[in-house]
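> Each residue of the sequence shown is one higher than the one before, counting from 139 in this note's numbering. Note that beta-carbon positions come from the ideal geometry of N, C-alpha and C, so glycine has one too. Pasting in a structure now, in structure tokens, and then I'll have a few things to ask.
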Amino acid sequence: MLKWKVYLPVIRSTLENFTQEVQTSECFAKQDSSYAQTINEQKEKLLSVFNLFDTQDESEAIEDYLDFCIHNDLPYLFVHSELSNVAREILGLLASEEKCYFINDANAHFTDLESRIAEEYYRHFLRKLATKHHIRLSHLSHLIEKHLMIHYQHHLEWMLVLIAQLQGTAREGSQCELDHTKCSFGQWLHNPSIPYLSTTSHFADIQRLHINLHELASNIFSQHASKKLDHKSMIQLLQQLDYTSLEIGNEIAIINDMLIIGEYTKDPLTGLLGRRLFEKIVMGQVEIAKATESECAMIMCDLDHFKEINDRFGHLAGDEVIKNFASILQKSLRKSDFIFRFGGEEFLILLPSTNYQEAHQLAETICCKSASQKIKYENIDISYTVSIGVCDIDTHDLSFVTKDTIQKYVHTVDAKLYLAKQNGRNRVE
Numbered sequence: 139m140l141k142w143k144v145y146l147p148v149i150r151s152t153l154e155n156f157t158q159e160v161q162t163s164e165c166f167a168k169q170d171s172s173y174a175q176t177i178n179e180q181k182e183k184l185l186s187v188f189n190l191f192d193t194q195d196e197s198e199a200i201e202d203y204l205d206f207c208i209h210n211d212l213p214y215l216f217v218h219s220e221l222s223n224v225a226r227e228i229l230g231l232l233a234s235e236e237k238c239y240f241i242n243d244a245n246a247h248f249t250d251l252e253s254r255i256a257e258e259y260y261r262h263f264l265r266k267l268a269t270k271h272h273i274r275l276s277h278l279s280h281l282i283e284k285h286l287m288i289h290y291q292h293h294l295e296w297m298l299v300l301i302a303q304l305q306g307t308a309r310e311g312s313q314c315e316l317d318h319t320k321c322s323f324g325q326w327l328h329n330p331s332i333p334y335l336s337t338t339s340h341f342a343d344i345q346r347l348h349i350n351l352h353e354l355a356s357n358i359f360s361q362h363a364s365k366k367l368d369h370k371s372m373i374q375l376l377q378q379l380d381y382t383s384l385e386i387g388n389e390i391a392i393i394n395d396m397l398i399i400g401e402y403t404k405d406p407l408t409g410l411l412g413r414r415l416f417e418k419i420v421m422g423q424v425e426i427a428k429a430t431e432s433e434c435a436m437i438m439c440d441l442d443h444f445k446e447i448n449d450r451f452g453h454l455a456g457d458e459v460i461k462n463f464a465s466i467l468q469k470s471l472r473k474s475d476f477i478f479r480f481g482g483e484e485f486l487i488l489l490p491s492t493n494y495q496e497a498h499q500l501a502e503t504i505c506c507k508s509a510s511q512k513i514k515y516e517n518i519d520i521s522y523t524v525s526i527g528v529c530d531i532d533t534h535d536l537s538f539v540t541k542d543t544i545q546k547y548v549h550t551v552d553a554k555l556y557l558a559k560q561n562g563r564n565r566v567e
């Protein structure tokens with residue numbers, strides 16, 4: 139029998155080296171200081187597992203170790219990689235010492251521990267996935283007008299049935315429909331209520347993603363029915379399933395946005411959305427972003443020295459400048475972006491599925507395009523510039539969206555705009 143205590147110094151050294159590599163990684167840099175302490179505690183618990191191999195306390199030590207990993211939300215990939223490093227080191231050492239008769243025993247211990255880790259993480263992953271989908275559904279339930287998102291809601295309900303079946307908690311008679319043409323979402327896809335939808339590239343992407351999703355689901359249930367369940371493979375398949383599901387949600391949200399923009403009354407001068415519907419639209423969009431776990435950003439623009447343009451050239455000339463800038467916005471942005479004429483010469487833009495860096499780069503483009511304009515008005519060339527503020531919206535906050543939430547972001551982006559004005563105008567902050 140292998141004496142594991144003899145190899146504890148080697149195991150400790152391997153774990154410390156692995157921890158150092160993790161701590162210097164970019165991923166670890168995003169964690170707070172308490173995370174290092176958590177990893178050190180986890181390392182000690184794993185050492186206790188090896189110390190108690192082949193004793194009566196082995197099973198209890200493994201259970202305590204797994205409870206700690208799950209409770210502290212340590213990623214499966216981290217735990218699996220850590221164990222793999224130790225296994226390579228010990229098995230390689232036994233081979234170099236020509237102790238081949240111990241290799242099978244050691245490998246059996248590593249295989250059993252890895253299997254127990256994968257099984258526990260699989261169960262944990264299913265619980266987390268179910269919770270995520272209930273949260274996504276709750277955000278959709280707060281939409282005043284669901285429009286096409288009602289179909290994404292049906293899809294999320296299908297996902298919850300799938301998860302319940304895997305957990306063994308599905309209601310009697312409740313079964314996940316694996317035919318992509320027969321589930322509620324699939325029936326809508328193959329008979330869209332709005333004819334023009336089927337001509338958009340986004341709709342074609344949804345159809346492709348939906349087929350892929352059902353193929354993944356079929357594969358998952360095939361593996362679930364096998365005599366020896368590969369929990370590691372199941373976690374990977376479920377991760378792919380969840381990612382594909384969110385992609386479907388994002389694509390539906392884009393079409394939904396275009397539909398909403400087409401429905402609402404526009405500002406007569408610019409053809410943009412008016413301020414009156416701002417809060418209603420943005421509250422709904424942030425809830426959708428939370429439901430689809432996508433990013434969202436806001437841009438506020440204000441024409442520089444606009445009063446001087448009106449005073450010098452007249453209000454009709456000012457109207458031409460506003461129309462010109464509105465045209466720049468429409469040409470620079472996607473059809474699914476929400477552009478509001480927020481005040482006389484002030485514009486607010488909501489950018490779904492956009493992070494801060496992307497929004498800032500877009501704002502820089504708008505700023506440059508505006509500064510290069512020469513507007514002909516009664517044989518006079520009129521130039522103008524714009525100051526812009528940018529902020530991102532925290533869609534990871536699970537609280538529901540209120541008017542106060544929206545006003546907080548308006549104040550934030552307005553402060554950024556004010557900073558751009560203070561720092562010399564014709565710039566982005």
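1) What is the residue span of the alpha helix (DSSP H) that V566 lies within?
2) Which residue's Cα is closest to the Cα of R565: Y522, L536, H549 and G387?
3) Assuming the contact rule is C-beta atoms closer than 8 Å, V459 and I544 should be a hit. Round their C-beta distance to whole Å, please.
4) Quick check: the Cα distance between T162 and Q175, rounded to an integer number of angstroms?
5) Among L251, L467, L367 and L185, which one has its Cα closest to the Cα of V144?
6) Whole angstroms is fine: what's the gap from I139's alpha carbon to N189's?
7) If you draw a straight line from the C-alpha of P330 to the C-alpha of T337, how long is it?
8) Straight-line CA distance for D519 to G482?
9) What are the residues that DSSP puts in a beta bridge with F476?
10) Per DSSP, what kind of secondary structure is D530 in: helix, strand or coil?
11) Given this structure, state the Cα-to-Cα distance separating K183 from A199, to the nearest angstrom.
12) Compare the beta carbon distance of I273 and L536 with 7 Å and say whether it is the shorter of the two.
13) Would DSSP call M139 helix, strand or coil?
14) Closest to K320 by CA distance: which of I349, A302, K418 and H340 is it?
15) Give me the Cβ distance between I466 and K507, rounded to the nearest whole Å; I'm assuming they're in contact under 8 Å.
16) Based on Cα-Cα distance, which residue from Y259, E159 and W142 lies nearest to E196?
17) Does Y515 come out as helix, strand or coil in the three-state DSSP assignment?
18) Once you ignore the five residues that flank Y547 on each side, which residues in its own chain have a CB closer than 7 Å to its CB?
19) Across which residues does DSSP place S525 in a beta bridge pair?
20) For my contact list, I526 and M438 are in at a C-beta cut-off of 8 Å; report their separation, rounded to the angstrom.
21) My understanding is that S383 touches M297, with C-beta atoms under 8 Å, so please give their C-beta distance in whole angstroms.
22) At the 7 Å Cβ level, is I332 part of the contact set with chain B, yes or no?
23) Please return the same chain residues whose Cβ sits closer than 8 Å to the Cβ of I177, not counting the five positions on each side in sequence.
24) Look at the alpha carbon of A233 and the alpha carbon of C207, and state the distance between them as a whole number of angstroms.
25) Tell me the DSSP secondary structure of K237 in three-state form.
26) Classify A199 as helix, strand or coil using the three-state DSSP reduction.
27) Residues bridged to K571 by DSSP?
28) Terminal residues of the continuous alpha helix (DSSP H) containing H280?
29) May I have the straight-line CA-CA distance separating I373 from L347, to the nearest angstrom?
30) According to the neighbour-count rule (16 or more other Cβ atoms, all chains shown, within 10 Å of its Cβ), is I487 buried or exposed?
31) Should L215 be labelled buried (16 or more other beta-carbon atoms within 10 Å of its own) or exposed?
32) Going by the beta-carbon positions, is the gap between F538 and H280 smaller than 7 Å?
33) Who pairs with A435 in a beta bridge, going by DSSP?
34) Under the three-state reduction of DSSP, which class applies to I399: helix, strand or coil?
35) Taking the alpha carbon of A558 as the point to measure from, which residue in L441, F463 and Q194 has its own alpha carbon closest?
36) Any chance the segment 247-259 sits against the segment 367-381, with 3 or more Cβ pairs inside 8 Å?
Reading from the atomic positions:
1) V566 -> no alpha helix (DSSP H), and no H or E assigned at all.
2) Y522
3) With a Cβ gap of about 28 Å, V459 and I544 do not count as contacting.
4) 15 Å
5) L185
6) Residue 139 is actually Met in this sequence, not Ile. When rounded, the distance between both Cα atoms is 14 Å.
7) 11 Å
8) 22 Å
9) L488
10) strand
11) 8 Å
12) yes
13) coil
14) I349
15) 5 Å
16) W142
17) strand
18) M436, C529 and I531
19) D440
20) 7 Å
21) 6 Å
22) No chain B is part of this structure, which consists of one protein chain only.
23) T157, V160, Q161 and L212
24) 31 Å
25) coil
26) helix
27) The first residue shown for the chain is 139 and the last is 567, placing residue 571 beyond what the model contains.
28) Looking at the DSSP string, H280 is not in any alpha helix (DSSP H), and its letter there is neither H nor E.
29) 19 Å
30) buried
31) exposed
32) yes
33) L489 and D530
34) helix
35) L441
36) yes
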